[in-house]
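Asker: Below are the structure tokens for one structure; questions will follow.
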């Protein structure tokens with residue numbers, strides 16, 4: 061499935077708007093265990109997960125817990 065078609069699954073987007081949105085997209089690869097966002101940091105980027113799994117959690121004890 062083409063990326064434009066994928067976006068349209070969630071909201072109809074014109075070709076012009078799609079081109080405007082995606083003109084600055086870059087591929088970034090993360091390894092298993094890498095942190096995308098860290099507590100206390102302001103996030104200035106938006107990520108789309110192309111493949112794999114992203115886990116998000118908030119823990120006030122600063123301990124990682126896996127279910």
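Numbering (our numbering), first residue to last: 61 to 127. Beta carbons are placed, not taken as given, at the ideal position from N, Cα and C, and that holds for glycine. Just so we're clear, the structure is a prediction, and the values are computed from it rather than from any experiment.
1) How many Å lie between residue 78 and residue 70 at the Cα?
2) Straight-line CA distance for residue 95 to residue 86?
3) When you compare only the Cα positions, how much space is there between residue 72 and residue 82?
4) Residue 84: which of 107, 115, 101 sits nearest, CA to CA?
5) Rounded to a whole number of angstroms, what is the C-alpha to C-alpha distance between residue 113 and residue 76?
Answerer: Well, looking at it:
1) One C-alpha to the other measures close to 13 angstroms.
2) Straight-line spacing of the CA atoms in residue 95 and residue 86 works out to 18 angstroms.
3) Taking the Cα positions, residue 72 is about 15 angstroms away from residue 82.
4) Taking only the C-alpha atoms, the option nearest residue 84 is 107.
5) Cα to Cα, residue 113 sits roughly 30 angstroms from residue 76.
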